[in-house]
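Novice:
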Amino acid sequence: MLARQLPLPIPEPVAIGQPDVDFPRAWSIYRWIEGEPASHAPVAGLPALASQLAGFLRALYAIDPSGGPPAGAHNFWRGGPLDTYDAQARGSIRRLTDDIDADTATAVWDTAVASTWGRSPVWVHGDVAASNLIVAGGRLQAVIDFGCAAVGDPACDLVFAWTGCTNEARTTFRDTLALDDATWARARGWALWKAVITLAQAQQGHLDLDATRRRFGWRLGARELIDLVLDDHRAAPA
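Residue numbers for the sequence shown follow my numbering, beginning at 11 and rising by one.
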């Protein structure tokens, strides 16, 4: 239903299997998509990719959301209320007080959770990352991994503005999407949450920052990502 209304290919299932004694989980087979993840393949230009991705998301948000699954625990609340992660975000900021500008980080978070999506829910991808963008010949060819898809607030999809874009590409991404300032404030909250919990877990020895960055396909490390989000907050309209 989504695929036929989008300007780029997405995964299309051709077979679905049920758990049995040989493999104890549900499984599926999807049509092959040529290309490589943007986290590994060369990209002709990030502004061009950002424009293509924003156009894809605009088309996704325009699809009738009737009958779509609401955000919830099954998709890590992508598209749902950001304050689901309030305690986790604030706790991570406190643990990082000696390493980041905790006052500004708290201000970013306060601003993010103070607003909500006041319009009708839209389809959201839920995990827009370079590792889920397929490129070929330097251009965006497909968007994969809809495991976090739901209907709700699109702010969670905008995190790519910081995790995957240069300044020029971020401007292109934002201008093409044409969403309101409050949605971008919530997007900064989503980006900050992911970065502070990642950095806090790394400092506790629970994960490797470089490996995590590669797995997510982030252009920057967690600490640099936090600084970028804070700078963007400072420059945002009051």
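No residue lacks a Cβ here, since even glycine has one placed at the ideal position from N, Cα and C.
Starting from the C-beta of Ala192, find all residues in its chain whose C-beta is less than 7 angstroms away, skip the five residues before and the five after it, and write them out in chain order.
Specialist: Same-chain partners within the cutoff: Ser125.
Novice: With distances taken from CA atoms, which of Ala83, Gln15 and Gly147 is nearest Ala72?
Specialist: When each option's Cα is compared against that of Ala72, the closest is Gln15.
Novice: Going by Cα to Cα distance, which pick from Trp37, Ala58, Val169 and Leu70 is closest to Ala160?
Specialist: Leu70
Novice: What does the alpha-carbon distance come out to for the pair Pro8 and Thr107?
Specialist: Lying before the first or after the last residue shown, residue 8 is absent from the chain, which here runs from 11 to 248.
Novice: Let me confirm a value: Gly89 is counted as buried when at least 16 other C-beta atoms fall within 10 Å, else exposed. Which label applies?
Specialist: buried
Novice: Mark Ala140 as exposed unless 16 or more other C-beta atoms lie within 10 angstroms of its C-beta, in which case mark it buried.
Specialist: buried
Novice: Using the C-alpha atoms, what's the distance from Phe156 back to Trp37?
Specialist: 15 angstroms
Novice: Do Ala58 and Arg149 have their CB atoms nearer than 9 angstroms?
Specialist: yes
Novice: With which residues is Gly162 paired in a DSSP beta bridge?
Specialist: Val132
Novice: Could you compute how far the alpha carbon of Pro47 sits from the alpha carbon of Arg229?
Specialist: 13 angstroms
Novice: Quick one: is Gly174 buried, meaning 16 or more other Cβ sit within 10 Å of its Cβ, or exposed?
Specialist: buried
Novice: DSSP three-state call for Ile207: helix, strand or coil?
Specialist: helix
Novice: By the 10 Å Cβ neighbour count, where 16 or more other Cβ atoms means buried, how is Tyr40 classified, buried or exposed?
Specialist: exposed
Novice: Write down the C-beta distance between Arg8 and Thr114 rounded to the nearest angstrom, noting that I regard them as a contact closer than 8 angstroms.
Specialist: With the chain running from 11 to 248 in the structure shown, residue 8 is simply not present.
Novice: Counting only the same chain and skipping the five closest in sequence on each side, list residues whose C-beta sits under 8 angstroms from that of Ile43.
Specialist: Pro19, Pro21, Ile144, Gln151, Ala152 and Ile154.
Novice: Could you please give the first and the last residue of the uninterrupted beta strand (DSSP E) stretch that includes Trp37?
Specialist: Looking at the DSSP string, the run of the beta strand (DSSP E) that includes Trp37 is Trp37 to Tyr40.
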